[in-house]
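Accompanying notes for the structure given below.
Written as structure tokens, this is what we have:
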């Protein structure tokens, strides 16, 4: 069992550096969002900011790629995003088709480049 | 799979509604993307010498892919707990507007805030996107339990993948690892694009993508927050301006 749990300090770290930093924002959102009216203008702004922050997360992964993705040339990463979007639009807004197109360009391109 | 109509007796029981939520987790291609992402997270935890129990606990309690990747890679590279906590806190700010925008869809006039806590914990990108797609097809008084079911369904998917990824670990080939990492931006982009309802959403997505490379030049540590707040506010400004008579 001790193998499964491992080091108790690591679990404490998980709680302090992983769980709490995420849960604080969720609970603040609950406290704040629990009082807003569904049709309010404020909510349109909040949703626009949430969408734009998410767009930033997407851009960050593609522009400043983590780990193994950094081994793929930047032009190929951008091409994969464009291919994904074209596949999505081309096949009746199918997320699946878009993801498959993007991955084919990324993995196929990298394999072809060697 | 399609959900029963709003007036169907199948929505009368809470357990049934929870079940429809769980089944909905299997109906989305995003579950497949989550599965692959958490295979990667399990493998990363193994390679960074965390225990399997730790990896499973991180999926249950953190419940946000990018935050887990940051946590494992910063702690694994020998950063202090404070450095890791700061990096994770910044990445988690995006959860705040997501939870704020979903809560009004879940609430009825009689709902108390503590009843929303479990649903709020489950909010992350995938559930946020799926709530916008699915909740209009769910009777309002059953939306909390439906979202809990959806969250539990996706949790089962992610826990299976975490465990499997941890056990396979044997260093994923680099090409496959790159492919797995690319899944997140592709799936996030396309699911957000599908979710855009108003001009403000479309503009926020486009401006958010375009402004990040500029904000990244600031090296502020909160680049995403800066580009996101500005892009979202400009998008809302355009929406407001067009609504004026």
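Chains as they are written, first to last, in our numbering: chain A, 803 to 916; chain B, 37 to 281. Beta carbons are placed, not taken as given, at the ideal position from N, Cα and C, and that holds for glycine. Quick caveat, the model's predicted, so the values are computed rather than measured.
Apply the 10 Å Cβ neighbour rule to residue i and answer buried if 16 or more other Cβ atoms are within range, or exposed otherwise.
i: residue 276(B); result: exposed
i: residue 811(A); result: exposed
i: residue 177(B); result: exposed
i: residue 37(B); result: exposed
i: residue 913(A); result: exposed
i: residue 44(B); result: exposed
i: residue 871(A); result: buried
i: residue 824(A); result: buried
i: residue 150(B); result: exposed
i: residue 221(B); result: buried
i: residue 203(B); result: exposed
i: residue 279(B); result: exposed
i: residue 254(B); result: exposed
i: residue 64(B); result: buried
i: residue 248(B); result: buried
i: residue 87(B); result: buried
i: residue 880(A); result: exposed
i: residue 237(B); result: buried
i: residue 281(B); result: exposed
Residue i touches chain A at which residues, Cβ-Cβ below 8 Å?
i: residue 277(B); result: Near residue 277(B) there are no residues of chain A at all, since even the closest Cβ is about 13 Å away, more than 8 Å.
i: residue 224(B); result: 856, 859, 860
i: residue 93(B); result: 813, 816
i: residue 248(B); result: 857, 858, 861, 862, 865
i: residue 86(B); result: 808, 812
i: residue 107(B); result: 816, 819, 820
Determine the chain A residues that contact residue i at a beta-carbon separation under 9 Å, and present them in chain order.
i: residue 83(B); result: Result: empty, since nearest Cβ-Cβ is about 10 Å, beyond 9 Å.
i: residue 40(B); result: Under the 9 Å cutoff, chain A gives no residues; its nearest Cβ is about 23 Å from residue 40(B).
i: residue 261(B); result: 855, 858
Along chain B, in chain order, which residues have C-beta atoms closer than 8 Å to that of residue i?
i: residue 815(A); result: 111, 117, 120
i: residue 894(A); result: The premise fails here: residue 894(A) is roughly 11 Å from chain B at the closest Cβ pair, so nothing lies under 8 Å.
i: residue 876(A); result: By Cβ distance, chain B contributes nothing, its closest Cβ being about 11 Å from residue 876(A), past 8 Å.
i: residue 835(A); result: 135, 136, 137, 138, 139, 140
i: residue 882(A); result: 218, 222
i: residue 886(A); result: 222, 225, 226
Only counting the same chain, and skipping five residues up and downstream in sequence, which positions put a Cβ closer than 8 Å to that of residue i?
i: residue 92(B); result: 195, 198, 199
i: residue 803(A); result: Any answer about residue 803(A) is weak, because its pLDDT of 42 lies below 50 and its placement is not dependable; what the coordinates show is given next. No residues qualify anywhere along the chain.
i: residue 109(B); result: 80, 84
i: residue 95(B); result: 74, 77, 104, 191, 194, 195, 198
i: residue 219(B); result: 69, 72, 73
i: residue 246(B); result: 267
i: residue 90(B); result: 81
i: residue 147(B); result: 180
i: residue 836(A); result: none
i: residue 851(A); result: none
Which residues in chain B sit within 7 Å of residue i, going by Cβ to Cβ distance?
i: residue 870(A); result: 210, 213, 214, 217
i: residue 850(A); result: 236, 237, 240, 268, 271, 272
i: residue 830(A); result: 132
i: residue 827(A); result: 128, 129, 131, 132
Go through its chain and collect everything with a Cβ distance to residue i's Cβ below 6 Å, but skip five positions before and after it.
i: residue 906(A); result: none
i: residue 124(B); result: 103, 106, 107
i: residue 156(B); result: 135
i: residue 877(A); result: none
i: residue 251(B); result: 259, 262, 263
i: residue 154(B); result: 184
i: residue 61(B); result: 67, 186, 189, 190
i: residue 97(B); result: none
i: residue 908(A); result: 882
i: residue 925(A); result: Nothing in the structure corresponds to residue 925(A), since chain A is present only between 803 and 916.
Once you ignore the five residues that flank residue i on each side, which residues in its own chain have a CB closer than 7 Å to its CB?
i: residue 47(B); result: 40, 53, 175, 178
i: residue 223(B); result: 66, 69
i: residue 240(B); result: 267, 268, 271
Which residues in chain A have a C-beta closer than 7 Å to the C-beta of residue i? List them in chain order.
i: residue 89(B); result: 806, 807, 808
i: residue 258(B); result: Ordered by position in chain A, no residue passes the 7 Å Cβ test against residue 258(B), which lies about 10 Å from the chain.
i: residue 125(B); result: 823
i: residue 265(B); result: 851
i: residue 243(B); result: 854
i: residue 227(B); result: 897
i: residue 102(B); result: 859
Whole runs of the alpha helix (DSSP H) within the stretch 824-911 of chain A, excluding any shorter than 4 residues: 843-865, 876-892
Enumerated in chain order, which unbroken segments of the alpha helix (DSSP H) with a length of 4 residues or greater are wholly contained in the stretch 161-204 of chain B? With a minimum length of 4 residues, the continuous alpha helix (DSSP H) runs that stay inside the stretch 161-204 of chain B are 161-170, 179-204.
Contiguous beta strand (DSSP E) assignments of at least 3 residues, all confined to the stretch 47-89 of chain B: none
Cβ-based contacts, 8 Å cut-off: residues of the stretch 152-176 of chain B near chain D: The structure shown contains no chain D; the protein chains it does contain are A and B.
What are the uninterrupted segments assigned as alpha helix (DSSP H) that are 4 or more residues long and contained completely in the stretch 246-275 of chain B, given in chain order? none
Write down every uninterrupted run of the alpha helix (DSSP H) in the stretch 115-151 of chain B whose length is 4 residues or greater and which is fully enclosed by it, in chain order. 117-128, 131-142
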